[in-house]
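Novice: Counting from 5, one number per residue, gives the positions in the sequence shown under our numbering. Note that beta-carbon positions come from the ideal geometry of N, C-alpha and C, so glycine has one too. These figures come from a predicted structure and were not determined experimentally.
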Amino acid sequence: MRDSFAASVPGHAQANSSASDRLLKTNKLQEMGASALSIGKWRQICNHYDFFTSFYNLISDFKGAQMRKQQKGFSLIELLIVVAIILIIAAIAIPNLMRAKMAANDSSAAAGERTIVTGEVGYFAAYPTIGYTSLVALGGATGAACVPSTTTACLIDNNLSNNGPGGNGKSGYKFAATPTAATATSPAIFYTTATPLGSTSGTKAYCATDDGVVRTQAAGTITLVASYAACQALSPLAN
Numbered sequence: 005m006r007d008s009f010a011a012s013v014p015g016h017a018q019a020n021s022s023a024s025d026r027l028l029k030t031n032k033l034q035e036m037g038a039s040a041l042s043i044g045k046w047r048q049i050c051n052h053y054d055f056f057t058s059f060y061n062l063i064s065d066f067k068g069a070q071m072r073k074q075q076k077g078f079s080l081i082e083l084l085i086v087v088a089i090i091l092i093i094a095a096i097a098i099p100n101l102m103r104a105k106m107a108a109n110d111s112s113a114a115a116g117e118r119t120i121v122t123g124e125v126g127y128f129a130a131y132p133t134i135g136y137t138s139l140v141a142l143g144g145a146t147g148a149a150c151v152p153s154t155t156t157a158c159l160i161d162n163n164l165s166n167n168g169p170g171g172n173g174k175s176g177y178k179f180a181a182t183p184t185a186a187t188a189t190s191p192a193i194f195y196t197t198a199t200p201l202g203s204t205s206g207t208k209a210y211c212a213t214d215d216g217v218v219r220t221q222a223a224g225t226i227t228l229v230a231s232y233a234a235c236q237a238l239s240p241l242a243n
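1. Is the distance from the Cβ of S112 to the Cβ of S175 below 8 Å?
2. To the nearest angstrom, how far is it from the Cα of P169 to the Cα of N163?
3. Would you check if there are 3 or more beta carbon pairs closer than 8 Å linking the stretch 201 to 217 to the stretch 115 to 133?
4. Under the three-state reduction of DSSP, which class applies to I92: helix, strand or coil?
5. Under the rule that 16 or more other beta-carbon atoms within 10 Å means buried, what is L80, buried or exposed?
6. Using a threshold of 8 Å, state whether the C-beta atoms of T199 and Y177 are closer than that.
7. From T197 to I89, what does the alpha carbon distance come to, in whole angstroms?
8. Counting along the chain, where does the beta strand (DSSP E) carrying C211 start and finish?
9. Do P183 and G143 count as a contact pair if the criterion is CB distance below 8 Å?
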């Protein structure tokens, strides 16, 4: 009856229609507001997540930079330990290296003495009227082609005959050859010496005479063998 009455009254029907429309609009607005509120909350949540993510990445980058900075160098204690180890190794290795170098110089000096003896014998055979000669005449001029003559016999290496570069020694030793001309009562003789330049360049002095035997001072004696007779008195080199 109420519906038939409402239908029979046009104004009442329009009022009900307007109220219904307003109610629908209000419901839609509430739904839209709720949706907007939900979107806003999600945006806030996302913004918070982005903030915390960025903050975490910043902290991670900072820690990584600190670790890289710490790994770039060594501490003072580590450097001191490394220096100490190097010094210990050097203290062990350097004396051994010096002894090895001195032993090599000794071998070179003995070989040089044998070469000089061979050169003197060859010179005597080539120039019997002269006999034996000085060391420099057994070879040639330094840095020049050797032309055989009585003053440059070209019998031994120029470096050895000139007692090393500038006459300052060869392989830690100073070489010399001293001839003595023949007389009416004695034949021509010579003796040659090899003397260490210092206490760290060789362990002993060498000499040889016209008998072809290389002799040596006692180990640790590096003084020059002073004469032919002094050389003859020394013990032959043990081969």
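Specialist: According to the structure data:
1. Taking the first residue of the sequence shown as position 1, residue 112 is located at position 108. Taking the first residue of the sequence shown as position 1, residue 175 is located at position 171. Their beta carbons are under 8 Å apart, which means S112 touches S175 by this criterion.
2. Taking the sequence shown and counting its residues from 1, one reaches residue 169 at position 165. Taking the sequence shown and counting its residues from 1, one reaches residue 163 at position 159. Put simply, the backbone Cα of P169 is about 7 Å away from that of N163.
3. Contact holds: three or more Cβ-Cβ distances are below 8 Å.
4. Taking the sequence shown and counting its residues from 1, the one referred to as residue 92 is at position 88. Helix.
5. Reading the sequence shown from its first residue, position 76 is the one you call residue 80. Counting every other CB atom within 10 Å of its CB across the protein chains shown gives L80 a total below 16, marking it as exposed.
6. Working through the sequence shown from its first residue, we reach residue 199 at position 195. Working through the sequence shown from its first residue, we reach residue 177 at position 173. Closer than 8 Å, so yes.
7. Taking the first residue of the sequence shown as 1, we reach residue 197 at position 193. Taking the first residue of the sequence shown as 1, we reach residue 89 at position 85. Roughly 43 Å between the two C-alpha positions.
8. Working through the sequence shown from its first residue, we reach residue 211 at position 207. It spans Y210 to T213 - the beta strand (DSSP E) in which C211 sits, taken as one unbroken run.
9. Counted from its first residue, the sequence shown places residue 143 at position 139. Counted from its first residue, the sequence shown places residue 183 at position 179. It is not a contact, given that the beta carbons lie outside the stated cut-off.
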